[in-house]
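Position 177 of the sequence shown, counting from 1, maps to 177 under the working numbering, and the rest follow consecutively. Report on the following structure.
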Amino acid sequence: MDAADAAAEVESQSRTTWEEAAAVFRTLPGGGQGLSILGHDVMEDWEAPYMDALAGVAASQPGPVLEVGYGLGLSAAAIDQRGVEGHVILEANSEVLGRAELWAEEATCPTIVLGGFWQDLVGSMTDATFGGILFDAYPLSPGEAAGDGEVGAFFVEAARLLRPGGVFTFYFDAGRNWIECVRSFQLQTVPKLRDAGFTKVEHDQVACTPRPGCTYFWKDRFLVPMATR
Ligand SMILES: C[S@@+](CC[C@H](N)C(=O)[O-])C[C@H]1O[C@@H](n2cnc3c(N)ncnc32)[C@H](O)[C@@H]1O
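As structure tokens, then:
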């Protein structure tokens with residue numbers, strides 16, 4: 001087995017582990033809800049203003065919306081509330097998937113939930129299908145954790161799947177402070193989005209206060225990417 005095959009096998013094993021792992025939904029110290037998988041704090045509900053802002057971008061253009069990662073379903077609910085013409089959700093963890101499927105039965109907009117990793121699912125989707133895409137998966141390896149580490153691999157697919165004029169947004173965090181976050185986005189991520197085929201790349205910001213004791217976010221605002229096909 002060469003190094004590339006070995007790396008592919010490790011990746012495949014970690015995906016299987018993630019898919020089958022228990023999803024722990026818990027009340028956070030001080031209140032609020034959190035989701036942990038394999039000991040990782042994957043999502044906490046104080047992020048609701050950020051999820052709402054991302055949903056607002058993804059639902060801002062005509063056409064169905066593709067969403068990657070269901071988590072606590074906050075962004076899914078915020079997309080649904082905006083009355084989109086269709087909503088396709090991809091979710092990798094089996095237990096979270098079950099919750100997403102239950103939620104979709106009550107959604108007001110036509111909603112489809114597909115189980116699996118986006119890496120295995122989007123290849124069979126038709127070009128120029130969506131008016132908006134929201135990507136908020138979770139990095140399965142530390143190397144994918146910073147900046148556009150995980151979502152970067154999705155940029156080309158996002159551009160392919162969007163209609164002209166469609167918009168792509170995603171969870172983004174980088175650097176030790178807000179200035180470093182913006183700098184990382186502008187210097188490293190914007191060129192990659194342009195290379196992938198996006199014609200206009202802007203960003204906004206939304207104030208968000210992490211709960212005391214949060215293990216993964218310490219700033220006072222999130223960056224909201226807006227990349228237009
Ligand atoms: C941060 S949570 C999403 C939070 C969600 N936006 C919300 O509002 O609650 C990330 C979710 O993505 C899922 N996930 C991780 N990697 C994935 C992948 N490659 N493809 C699809 N889903 C993935 C995780 O199982 C988890 O449920």
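We put the CB at the ideal spot given by N, CA and C, even for glycine.
Heavy atom of ligand 1 within 6 angstroms of residue i beta-carbon
i: asparagine 177; result: no
i: tryptophan 118; result: yes
i: leucine 102; result: no
i: tyrosine 216; result: no
i: serine 75; result: yes
i: aspartate 5; result: no
i: methionine 125; result: no
i: methionine 226; result: no
i: aspartate 41; result: no
i: tyrosine 138; result: yes
i: valine 96; result: yes
i: alanine 158; result: no
i: alanine 92; result: yes
i: leucine 114; result: no
i: leucine 28; result: no
i: leucine 72; result: yes
CA-to-CA distance, residue j to residue i, given in whole angstroms
i: phenylalanine 217; j: isoleucine 37; result: 17 angstroms
i: methionine 226; j: arginine 194; result: 12 angstroms
i: aspartate 80; j: threonine 17; result: 30 angstroms
i: proline 210; j: aspartate 148; result: 21 angstroms
i: phenylalanine 172; j: glycine 213; result: 20 angstroms
i: proline 84; j: methionine 51; result: The amino acid occupying residue 84 in the given sequence is valine; proline does not appear at that position. Going by the C-alpha atoms only, they are around 16 angstroms apart.
i: alanine 78; j: valine 10; result: 35 angstroms
i: tryptophan 46; j: aspartate 2; result: 44 angstroms
i: glycine 123; j: phenylalanine 117; result: 11 angstroms
i: isoleucine 89; j: cysteine 181; result: 28 angstroms
i: histidine 203; j: glutamate 150; result: 19 angstroms
i: leucine 121; j: alanine 153; result: 14 angstroms
Residues sharing a beta bridge with residue i, DSSP
i: serine 36; result: Val24, Asp41
i: valine 244; result: Residue 244 lies beyond the stretch modelled for the chain, which goes from 1 to 229, so this question has no answer here.
i: isoleucine 89; result: Glu67, Val113
i: lysine 200; result: Thr228
Collapsed DSSP secondary structure at residue i in the structure displayed
i: alanine 227; result: strand
i: valine 10; result: helix
i: valine 156; result: helix
i: glutamate 106; result: helix
i: leucine 54; result: helix
i: alanine 48; result: helix
i: threonine 16; result: helix
Endpoints, beta strand (DSSP E) assigned at residue i
i: leucine 134; result: 130-135
Ligand 2 heavy atom lying under 6 angstroms from the CB of residue i
i: glycine 69; result: For the structure depicted, ligand 2 is absent and the ligand set comprises only ligand 1.
The alpha helix (DSSP H) enclosing residue i, as first and last residue numbers
i: phenylalanine 170; result: Per DSSP, phenylalanine 170 belongs to no alpha helix (DSSP H); it is in the beta strand (DSSP E), 162-170.
i: proline 62; result: Proline 62 -> no alpha helix (DSSP H), and no H or E assigned at all.
i: leucine 140; result: That residue, leucine 140, is in no alpha helix (DSSP H); it is neither H nor E in DSSP.
i: cysteine 214; result: Taken as a continuous stretch (DSSP letters only), cysteine 214 belongs to no alpha helix (DSSP H), as it is neither H nor E.
i: glutamate 180; result: 178-184
i: glutamate 118; result: Glutamate is not the amino acid found at residue 118; the sequence shown has tryptophan there. Run containing tryptophan 118: 118-121, per the alpha helix (DSSP H) assignment.
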